[in-house]
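Note that our numbering has the sequence shown beginning at 2, numbered continuously upward.
Notes follow the structure.
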Amino acid sequence: MKVLIIGSGGFLGKNLFNYLLDQNIDVIGCSSAEHHGICADTGLLSSQFSIPPDTHTVIYLSQSPYYRQVPEMAEHLLNVNVVSAVKVAEIARRANVKHFIYTSTGNVYAPSFEPLSEDAPINRNNWYALSKIHAEESLSLFRNDFDVTIMRLFGVYGTGQTDKLIPNLFNAVLQRRKVFVDRNSIDANDIDGLRISLINVVDLVKIFLQCITSSNLKSYLLNISSHEVVSIRHITKLISQALDLPVDIEISDKYRQSSLIANIQLLQATFNPVFTPIEKGIQNMAVQYKVLK
Numbered sequence: 002m003k004v005l006i007i008g009s010g011g012f013l014g015k016n017l018f019n020y021l022l023d024q025n026i027d028v029i030g031c032s033s034a035e036h037h038g039i040c041a042d043t044g045l046l047s048s049q050f051s052i053p054p055d056t057h058t059v060i061y062l063s064q065s066p067y068y069r070q071v072p073e074m075a076e077h078l079l080n081v082n083v084v085s086a087v088k089v090a091e092i093a094r095r096a097n098v099k100h101f102i103y104t105s106t107g108n109v110y111a112p113s114f115e116p117l118s119e120d121a122p123i124n125r126n127n128w129y130a131l132s133k134i135h136a137e138e139s140l141s142l143f144r145n146d147f148d149v150t151i152m153r154l155f156g157v158y159g160t161g162q163t164d165k166l167i168p169n170l171f172n173a174v175l176q177r178r179k180v181f182v183d184r185n186s187i188d189a190n191d192i193d194g195l196r197i198s199l200i201n202v203v204d205l206v207k208i209f210l211q212c213i214t215s216s217n218l219k220s221y222l223l224n225i226s227s228h229e230v231v232s233i234r235h236i237t238k239l240i241s242q243a244l245d246l247p248v249d250i251e252i253s254d255k256y257r258q259s260s261l262i263a264n265i266q267l268l269q270a271t272f273n274p275v276f277t278p279i280e281k282g283i284q285n286m287a288v289q290y291k292v293l294k
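Spelled out as structure tokens, the structure:
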């Protein structure tokens with residue numbers, strides 16, 4: 002089976018590429034560092050892009066890095082997350098690709114304190130979320146041409162990651178900076194900060210393999226996270242313990258208006274995945290940070 006990964010140069014892309022290679026999958030990578038991929042400056046797909054013959058699955062991981070610099074960089078955001086994704090899908094259709102996988106995000110959902118199922122209300126009032134929603138809706142129209150799977154990822158983390166939430170908390174503990182946790186606007190007893198769903202990249206790549214090798218999936222749209230729900234306070238304490246360093250956690254004056262928790266009943270019914278406990282995942286990540294103590 003031949004698999005093409007668009008966005009193979011990122012944290013998830015590198016992990017997925019190497020894992021599929023280890024599983025004897027014929028995998029090809031394409032990143033913005035290559036002239037025939039997505040242009041890093043414009044976010045548009047190169048006119049030289051092509052899909053190798055007999056490619057079974059295309060996995061679109063590419064994301065614009067400018068999701069916070071909007072509306073100034075909205076064009077780049079939409080080019081990478083929507084326009085180029087649709088162009089790749091059309092080329093995939095003409096190349097007789099059988100399966101197209103697109104990585105979306107749990108941030109497409111409207112703010113809520115409740116676990117979010119795939120049919121929960123979505124949020125069109127945010128540039129990043131809107132770009133992913135546009136891509137999801139556009140790509141779903143290709144379902145008559147090939148299988149489409151939309152993965153709504155929640156909190157991907159793991160060894161080797163250098164940005165995002167977990168690495169930022171590691172750096173805060175290492176640098177002896179205070180970690181602030183927001184209050185809950187509807188529960189005065191909740192002073193542990195944002196409650197979120199996460200997934201370790203080592204578990205995520207295994208789910209990708211199951212998705213690639215499965216047929217007749219129960220749904221084309223899947224929330225992807227582990228079953229654990231953790232707070233910022235809990236994650237920070239785990240990091241403090243793993244590094245054997247003290248940490249000062251302070252309750253802020255801010256009130257959060259939501260959690261970010263995935264309902265993964267559909268994922269569990271589809272693949273029955275095994276998850277790395279968050280404590281173990283943090284301990285594994287701590288190895289790369291202990292040398293900085």
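All C-beta atoms in this analysis are idealised placements derived from N, C-alpha and C, irrespective of residue type, glycine included.
C-beta contact flag for residue i and residue j at 8 Å
i: LEU222; j: ILE151; result: yes
i: LEU140; j: TYR110; result: no
i: SER105; j: VAL81; result: no
i: ALA34; j: GLY10; result: yes
i: VAL174; j: SER253; result: no
i: SER48; j: SER259; result: no
i: TYR158; j: TYR68; result: no
i: LYS291; j: LEU239; result: no
i: ILE26; j: ALA96; result: no
i: ALA136; j: VAL83; result: yes
First and last residue of the uninterrupted alpha helix (DSSP H) at residue i
i: CYS212; result: 202–214
i: THR237; result: 233–244
i: MET286; result: 279–291
i: ARG153; result: Run containing ARG153: none in the alpha helix (DSSP H); it sits in the beta strand (DSSP E), 148–154.
i: TYR129; result: 128–141
i: GLU91; result: 85–95
i: VAL182; result: Counting along the chain, VAL182 falls outside any alpha helix (DSSP H), though it belongs to the beta strand (DSSP E) covering 180–185.
i: LEU46; result: Element bounds for LEU46: n/a, residue is neither H nor E.
i: HIS37; result: No alpha helix (DSSP H) holds HIS37; DSSP gives it neither H nor E.
i: HIS77; result: 75–79
Neighbourhood of residue i by C-beta, 7 Å cutoff - its chain only, sequence neighbours within 5 removed
i: VAL89; result: ILE7, LEU46, VAL59 and TYR61
i: GLN162; result: PHE12 and PRO168
i: ARG125; result: LEU131 and ILE134
i: ALA263; result: GLY107, PRO116, LEU117, PHE155, SER198, ASN224 and SER226
i: ARG234; result: VAL182, ASP193, GLY194 and ILE250
i: VAL28; result: VAL4, ILE6, PHE18, LEU21 and LEU22
i: GLY44; result: SER65, HIS77, ASN80, VAL81 and SER85
Endpoints, beta strand (DSSP E) assigned at residue i
i: LEU3; result: Per the sequence shown, residue 3 should be read as Lys rather than Leu. Here the beta strand (DSSP E) through LYS3 covers 3–7.
i: SER105; result: 100–106
i: ASP27; result: 27–31
i: ASN19; result: First-last for ASN19: 12–23, but that is the alpha helix (DSSP H), not the beta strand (DSSP E).
i: GLU251; result: 250–257
i: THR163; result: Per DSSP, THR163 belongs to no beta strand (DSSP E) and is neither H nor E.
Nonlocal neighbours in the same chain, by C-beta distance under 8 Å from residue i, ignoring five residues either side
i: GLN24; result: LEU210
i: ASP204; result: SER227, PRO274, VAL275, PHE276 and THR277
i: GLN289; result: THR160 and GLY161
i: MET2; result: ILE26, ASP27, HIS57, THR58, ILE213 and THR214
Supposed close pair residue i, residue j - CB separation, criterion 8 Å
i: ILE215; j: ILE265; result: A quick correction: the sequence has Ser, not Ile, at residue 215. That pair is no contact at about 17 Å.
i: GLY107; j: ASN224; result: 7 Å
i: SER132; j: LEU170; result: The Cβ separation is near 26 Å, so there is no contact.
i: ASP148; j: LYS219; result: At roughly 12 Å, the Cβ-Cβ gap does not stay under 8 Å, so ASP148 and LYS219 are not in contact.
i: PHE143; j: ARG196; result: About 35 Å separates the two Cβ atoms, so there is no contact after all.
Proximal residues to residue i (C-beta, below 6 Å), its chain only, five neighbours per side dropped
i: PRO122; result: ALA111
i: VAL206; result: ASN16, LEU17 and TYR20
i: LYS255; result: ASP183
i: SER32; result: SER9, GLY10 and GLY38
i: MET286; result: THR160
State whether the region 178–185 contacts the region 35–42, with contact taken as three or more CB pairs (one from each stretch) at a distance under 8 Å.
Touching, no, given that fewer than three Cβ pairs across the two stretches are closer than 8 Å.
Does the region 227–235 come into contact with the region 264–281, if we say contact requires no fewer than three beta-carbon pairs (one atom in each stretch) closer than 8 Å?
These segments touch.
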